[in-house]
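> Structure incoming, see below.
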Amino acid sequence: MGTSNWQNISYCVELIRRINPKTILDVGVGFGRWGILCREFLEVWGGKIHNKDWTKQIDGIEIFPDNIQEYHKYFYSKIIVDDAYKYIFENDFLYDLIIFGDVLEHFEKCKAIELLEHSMKKSKYVLLNIPIGKYWKQNEIYENKYEKHLSFWGLRELTKLNPIAYKTFRDEIHRKFAAFIFSSEFNKIPNRINYRTKLSLIITQYPEFKKLLKKLIQK
Numbered sequence: 035m036g037t038s039n040w041q042n043i044s045y046c047v048e049l050i051r052r053i054n055p056k057t058i059l060d061v062g063v064g065f066g067r068w069g070i071l072c073r074e075f076l077e078v079w080g081g082k083i084h085n086k087d088w089t090k091q092i093d094g095i096e097i098f099p100d101n102i103q104e105y106h107k108y109f110y111s112k113i114i115v116d117d118a119y120k121y122i123f124e125n126d127f128l129y130d131l132i133i134f135g136d137v138l139e140h141f142e143k144c145k146a147i148e149l150l151e152h153s154m155k156k157s158k159y160v161l162l163n164i165p166i167g168k169y170w171k172q173n174e175i176y177e178n179k180y181e182k183h184l185s186f187w188g189l190r191e192l193t194k195l196n197p198i199a200y201k202t203f204r205d206e207i208h209r210k211f212a213a214f215i216f217s218s219e220f221n222k223i224p225n226r227i228n229y230r231t232k233l234s235l236i237i238t239q240y241p242e243f244k245k246l247l248k249k250l251i252q253k
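To convert, count from 1 in the sequence shown and add 34; that's our numbering.
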């Protein structure tokens with residue numbers, strides 16, 4: 035079951051929370067990391083504890099059927115078993131966010147660039163996590179031929195595609211990888227909440243702060 039490094043998680047979660055998408059497509063579901071994290075930090079973190087209260091549309095696409103288990107269906111609204119390139123080019127949809135979590139390196143480079151650029155037309159934002167450099171050779175594993183890496187990427191060629199934000203990371207054996215946000219519609223990442231909303235959240239979470247604030251106002 036597909037998985038990847040963890041050093042980028044907090045950065046990506048912060049980006050996702052700032053974008054605050056209502057609709058998400060997770061390309062290459064694998065273990066389900068991004069769908070689960072989106073559900074947790076866009077829904078549960080905001081007080082929607084039970085799935086009957088969840089309102090975000092979180093869809094996933096996965097080419098290897100054996101990766102999909104029962105628990106995926108709890109967190110995802112819908113999972114499509116299909117080739118991502120074929121599905122994204124052949125279907126008419128618009129998402130707020132498309133996530134490629136260590137996916138593009140499994141395509142030949144020309145095809146991967148086409149997929150990324152076309153995804154920017156199908157989504158307000160695209161979050162890309164990808165290995166950087168030549169030290170990421172990977173063959174077929176756990177009888178899944180789609181796990182093989184077919185392309186290798188340099189940081190410069192990805193920054194030429196004009197991301198609105200990116201950050202590089204190192205894995206536990208010091209290999210470089212990066213997270214990018216792309217958008218053909220926006221030139222910056224929004225702030226999720228303003229100061230008034232933040233104050234409201236603080237008051238909700240800490241009732242004693244509300245009492246203190248009331249005393250200060252009365253003075």
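All C-beta atoms in this analysis are idealised placements derived from N, C-alpha and C, irrespective of residue type, glycine included.
Using alpha carbons as the reference points, say which of 44, 61, 43 and 37 lies closest to residue 160.
Taking the sequence shown and counting its residues from 1, the one referred to as residue 160 is at position 126. Nearest of 44, 61, 43 and 37 to residue 160, Cα basis: 61.
> If we ignore side chains and look at the alpha-carbon of each, how far apart do residue 56 and residue 127 end up?
Mapped onto the sequence shown, residue 56 falls at position 22. Mapped onto the sequence shown, residue 127 falls at position 93. Rounded to the nearest angstrom, the two C-alpha atoms are 14 Å apart.
> Which residue wins for smallest C-alpha separation from residue 218, given the options 144, 203 and 198?
As a first step, residue 218 must be located in the sequence shown, where it is residue number 184. When only C-alpha atoms are compared, the closest one is 198.
> Just list the beta strand (DSSP E) runs in the stretch 125-159, keeping only unbroken ones of 3 residues or longer that don't cross its boundaries, in chain order.
Segments of the beta strand (DSSP E) lying fully in the stretch 125-159: 129-135.
> Report yes if the CB atom of residue 211 is closer than 9 Å to the CB atom of residue 166, and no otherwise.
Indexing the sequence shown from 1 puts residue 211 at position 177. Indexing the sequence shown from 1 puts residue 166 at position 132. Yes; because the gap between Cβ atoms is below 9 Å, this pair is in contact.
> In chain order, what residues of the same chain lie with their CB nearer than 7 Å to the CB of residue 143, ignoring the 5 residues before and after it?
Along the sequence shown, one-based indexing puts residue 143 at 109. Closer than 7 Å at Cβ, skipping near neighbours: 185.
> Per DSSP, what kind of secondary structure is residue 209 in: helix, strand or coil?
On the sequence shown, residue 209 is found 175 positions in, with the first residue counted as 1. Note: residue 209 maps to coil in three-state DSSP.
> Run the CB neighbour count on residue 139, radius 10 Å, all protein chains shown included, and call it buried at 16 or more, exposed below.
Residue 139 sits at position 105 when you count from the first residue of the sequence shown. Per the 10 Å Cβ criterion, buried.
> Decide if residue 204 is buried, meaning its Cβ has at least 16 other Cβ atoms within 10 Å, or exposed.
Here residue 204 refers to the residue found at position 170 when the sequence shown is read from its first residue. Residue 204 comes out exposed.
> By DSSP's criteria, residue 59 is part of a beta bridge. Which residues make up the other side?
Residue mapping note: residue 59 aligns to position 25 of the sequence shown, counting from 1. In DSSP, residue 59 forms a bridge with 93 and 132.
> Determine the direct distance from the alpha carbon of residue 133 to that of residue 118, and round the result to whole angstroms.
For the purposes of this step, residue 118 is taken as residue 84 along the sequence shown, with counting starting at 1. For the purposes of this step, residue 133 is taken as residue 99 along the sequence shown, with counting starting at 1. Going by the C-alpha atoms only, they are around 12 Å apart.
> Applying the 10 Å Cβ sphere with the 16-neighbour rule, what's the burial state of residue 40?
As a position in the sequence shown, residue 40 is number 6, starting the count at 1. Result: exposed.
> Tell me where the beta strand (DSSP E) around residue 112 begins and ends.
For the purposes of this step, residue 112 is identified with residue 78 of the sequence shown, where counting begins at 1. Taken as a continuous stretch (DSSP letters only), the beta strand (DSSP E) holding residue 112 covers 112-115.
> Give me, in chain order, the residues of the same chain whose beta-carbon lies closer than 8 Å to that of residue 220; leave out the 5 immediate sequence neighbours on both sides.
The sequence position of residue 220 within the sequence shown is 186, counting from 1. If we look at residue 220 and ignore the five residues flanking it on each side, its Cβ neighbours are 158, 159 and 198.
> Would you please state the rounded distance, in angstroms, between the beta carbons of residue 95 and residue 63? I believe it to be under 8 Å.
Reading the sequence shown from its first residue, position 61 is the one you call residue 95. Reading the sequence shown from its first residue, position 29 is the one you call residue 63. At roughly 7 Å, the Cβ-Cβ gap stays under 8 Å, so residue 95 and residue 63 are in contact.
> What does the alpha-carbon distance come out to for the pair residue 215 and residue 86?
Sequence index remark: in the sequence shown, residue 215 carries index 181 (1-based). Sequence index remark: in the sequence shown, residue 86 carries index 52 (1-based). Straight-line Cα distance between these residues: approximately 30 Å.
> Under 9 Å between the Cβ atoms of residue 178 and residue 36?
The residue you call residue 178 lines up with position 144 of the sequence shown. The residue you call residue 36 lines up with position 2 of the sequence shown. Yes, the Cβ-Cβ distance between residue 178 and residue 36 is below 9 Å.
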